[in-house]
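K.L.:
If you scroll down you'll find the structure; I have some questions about it.
Protein chains: 2
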Amino acid sequence: MVVDQVPRDFTDEEIDRIFGALADTTRRDILRQSLLGEQSVSGLARNYAMSFAAVQKHVAVLERALLVTKERRGREQIVHSNPAVIRRAARLLDAYEDLWRDRIARIGDILSGPPPQENSRKDVAP
Amino acid sequence: MVVDQVPRDFTDEEIDRIFGALADTTRRDILRQSLLGEQSVSGLARNYAMSFAAVQKHVAVLERALLVTKERRGREQIVHSNPAVIRRAARLLDAYEDLWRDRIARIGDILSGPPPQENSRKDVAP
DNA sequence: CTGATCTACAACCATTTGGTTGTATGTTAG
DNA sequence: CTAACATACAACCAAATGGTTGTAGATCAG
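For the record, the sequence lines run as chains H and D.
Here my numbering is used: the first residue of the first sequence is 235, the next is one more, and so on.
Here my numbering is used: the first residue of the second sequence is 235, the next is one more, and so on.
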C-alpha cells in the first residue's frame with residue numbers, strides 16, 4: 235500500500251536531502267535501476283564495484299531523501315522508486331527558471347514602453 | 235556576450251556538481267536572488283547571517299556548477315544566473331521520470347494482452 | 001538442523017564541506 | 001593621496017560524506 239506519496243510541500247531540509255542524494259553518480263544509477271524495475275539491495279549491489287555496505291548506505295541516502303522506499307520481502311529488501319518526488323524536484327527547478335523568465339518579460343515590457351492599457355498617473359480627473 | 239550557454243551534454247561530474255550546488259538552502263537562495271536580478275557578491279552577502287567569505291564560497295560552488303557566472307564591473311563582481319543549466323537539470327529529472335512512465339506503460343501492455351499488430355514468431359513461412 | 005544468503009549496523013579512516021578569521025590586493029570616492 | 005570598499009585567498013576547524021571491514025541476526029534451501 236502506498237501512503238504519503240506527495241503530501242505536503244517539502245521543507246528546506248528535505249530539498250537539501252533530495253538534491254544531495256542526486257549529487258552522486260552511483261546514487262543516480264541506483265535510482266535509475268529502481269525506476270526500471272524493483273530490485274533487492276543485494277541485487278542492486280552486484281552492479282557496482284564497491285562493497286555491499288557502501289551500496290546499502292547509498293540506498294539509505296536515497297531513502298532519507300524520499301526518492302525510494304524499501305519493502306521487506308522474505309529475507310530481501312525490495313527497493314521501490316518514488317517518481318512523484320523526482321517529478322516535484324523537476325517542477326521546483328522549473329519554478330526557478332520561471333523567476334528568470336518573468337524578470338526578462340518585465341525587462342521586455344520596459345524596453346517596449348508602457349502598455350497603453352495601464353493607467354498609473356495619480357492626477358487623473360474623475 | 236554570452237558564450238557556451240548550453241553546449242555539450244553534461245558529464246557525470248558536472249551533474250554531481252549541479253545537484254550538489256543545489257543541495258544547500260543558502261545556495262538555492264543565492265541562485266534565486268541572481269535569477270531575480272544581477273547583484274554583486276557583497277550585495278548578496280548582506281542578505282545572509284554569515285561572513286562575506288562564506289557567501290563568496292557558496293557563489294564559487296554555484297560557479298563551478300555552471301549555475302552562475304561572474305563578471306567584473308569596476309571593483310564589484312556581478313553574479314549572473316545561467317537559467318539554461320537549471321532548465322537542463324529539470325529536463326534530466328524529467329528523463330528519470332520517463333523511465334518509470336515507460337515501464338508502467340509496458341506493464342499495462344502486458345496486462346491488456348499482446349497487441350495484434352506485433353508478430354514475434356520465428357517460424358513464419360515467407 | 002545446517003549452511004548459505006540477505007540485511008543491519010558499528011567502528012574506523014580519508015576526504016570534502018561549510019563555516020571562521022586574517023591578510024593582501026585592487027578600485028573608487030572625496 | 002588617502003580612506004573605505006569589494007574581492008581573493010590562505011589557514012584553520014568541526015562535522016558530514018563515502019568508502020572500508022567486521023560482526024551479528026533473520027530467513028531460506030536442502
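For each residue, glycine too, the CB sits at the ideal point set by N, CA and C.
Buried or exposed for residue 276 of chain D, going by 16 or more other Cβ atoms inside 10 Å?
P.N.:
Working through the second sequence from its first residue, we reach residue 276 of chain D at position 42. Residue 276 of chain D is exposed by the Cβ-count criterion.
K.L.:
Which class does residue 285 of chain H belong to by DSSP, given the choice of helix, strand or coil?
P.N.:
Within the first sequence, the letter at position 51 stands for residue 285 of chain H. It is coil, neither helix nor strand.
K.L.:
Do residue 301 of chain D and residue 249 of chain D have their CB atoms nearer than 8 Å?
P.N.:
Residue numbering aside, residue 301 of chain D sits at position 67 when the second sequence is read from its first letter. Residue numbering aside, residue 249 of chain D sits at position 15 when the second sequence is read from its first letter. Cβ distance not < 8 Å, so residue 301 of chain D and residue 249 of chain D don't count as in contact.
K.L.:
Would you say the segment 320-331 of chain D touches the segment 325-333 of chain H, given that touching needs at least three Cβ pairs under 8 Å?
P.N.:
Yes, the segment 320-331 of chain D is in contact with the segment 325-333 of chain H.
K.L.:
Flag residue 356 of chain H as yes if its beta-carbon sits less than 8 Å from any beta-carbon of chain D, otherwise no.
P.N.:
For the purposes of this step, residue 356 of chain H is identified with residue 122 of the first sequence, where counting begins at 1. In this prediction, residue 356 of chain H has a pLDDT of 47, which is less than 50 and means its spatial position is unreliable; what the coordinates show is noted afterwards. Chain D, which has no Cβ nearer than 8 Å to the Cβ of residue 356 of chain H, makes this no.
K.L.:
With H, G and I counted as helix, E and B as strand and the rest as coil, what does DSSP make of residue 307 of chain D?
P.N.:
As a first step, residue 307 of chain D must be located in the second sequence, where it is residue number 73. In this structure, residue 307 of chain D counts as strand in the three-state DSSP scheme.
K.L.:
Can you confirm whether residue 214 of chain H, when its beta carbon is compared against all beta carbons of chain D, has any partner nearer than 8 Å?
P.N.:
Any answer about residue 214 of chain H is impossible in this case: the structure gives chain H only from 235 up to 360.
K.L.:
Using the Cβ count rule (16 or more neighbours within 10 Å means buried), how would you classify residue 339 of chain D?
P.N.:
For the purposes of this step, residue 339 of chain D is identified with residue 105 of the second sequence, where counting begins at 1. Flag for residue 339 of chain D reads exposed.
K.L.:
Terminal residues of the continuous alpha helix (DSSP H) containing residue 262 of chain H?
P.N.:
Taking the first sequence and counting its residues from 1, the one referred to as residue 262 of chain H is at position 28. Element bounds for residue 262 of chain H: 259-270.
K.L.:
From what residue to what residue does the alpha helix (DSSP H) around residue 251 of chain H run?
P.N.:
As a first step, residue 251 of chain H must be located in the first sequence, where it is residue number 17. First-last of the alpha helix (DSSP H) with residue 251 of chain H: 246-256.
K.L.:
What residue range is occupied by the uninterrupted alpha helix (DSSP H) comprising residue 279 of chain H?
P.N.:
Within the first sequence, numbered from 1, the residue matching residue 279 of chain H stands at position 45. Its alpha helix (DSSP H) spans residues 275-279.
K.L.:
What does DSSP give as the partner residues of residue 312 of chain D in its beta bridges?
P.N.:
Within the second sequence, the letter at position 78 stands for residue 312 of chain D. Paired residues: D/274, D/305.
K.L.:
Beta carbon of residue 296 of chain H, beta carbon of residue 265 of chain H: below 8 Å?
P.N.:
Position 62 of the first sequence holds residue 296 of chain H. Position 31 of the first sequence holds residue 265 of chain H. Yes, Cβ-Cβ distance for residue 296 of chain H and residue 265 of chain H is below 8 Å.
K.L.:
With a threshold of 16 other CB atoms inside 10 Å of the CB of residue 299 of chain H, please say whether the residue is buried or exposed.
P.N.:
Reading the first sequence from its first residue, position 65 is the one you call residue 299 of chain H. By the 10 Å Cβ count, residue 299 of chain H comes out buried.
K.L.:
Report the three-state DSSP secondary structure of residue 357 of chain D (helix, strand or coil).
P.N.:
For the purposes of this step, residue 357 of chain D is identified with residue 123 of the second sequence, where counting begins at 1. Annotation note: pLDDT 46 at residue 357 of chain D (below 50); position unreliable, no value reported.
K.L.:
Return yes when the Cβ of residue 313 of chain H is within less than 8 Å of the Cβ of residue 272 of chain H, no when it is not.
P.N.:
Looking up residue 272 of chain H in the first sequence gives position 38. Looking up residue 313 of chain H in the first sequence gives position 79. The answer is yes: Cβ separation under 8 Å.
K.L.:
Expressed to the nearest angstrom, what Euclidean distance is found between the alpha-carbon atoms of residue 267 of chain D and residue 243 of chain D?
P.N.:
One-based indexing of the second sequence puts residue 267 of chain D at position 33. One-based indexing of the second sequence puts residue 243 of chain D at position 9. Cα to Cα, residue 267 of chain D sits roughly 27 Å from residue 243 of chain D.
K.L.:
Hey, would you say residue 303 of chain H sits closer than 8 Å to residue 282 of chain H, going by beta carbons?
P.N.:
On the first sequence, residue 303 of chain H is found 69 positions in, with the first residue counted as 1. On the first sequence, residue 282 of chain H is found 48 positions in, with the first residue counted as 1. No, they are not a contact pair.
K.L.:
Given that a residue counts as buried once 16 or more other Cβ atoms are within 10 Å of its Cβ, and exposed if not, what is residue 285 of chain D?
P.N.:
Locating residue 285 of chain D in the second sequence gives position 51, where the first residue counts as 1. Exposed, by the Cβ-count rule.
K.L.:
Residues of chain D with a CB under 9 Å from the CB of residue 324 of chain H: which are they?
P.N.:
The residue you call residue 324 of chain H lines up with position 90 of the first sequence. Result: 323, 324, 325, 326, 327, 328, 330, 331.
K.L.:
At least one CB of chain D closer than 8 Å to the CB of residue 315 of chain H: is that the case?
P.N.:
Here the question's residue 315 of chain H lines up with position 81 in the first sequence. It does: the Cβ of residue 315 of chain H has a partner Cβ on chain D nearer than 8 Å.
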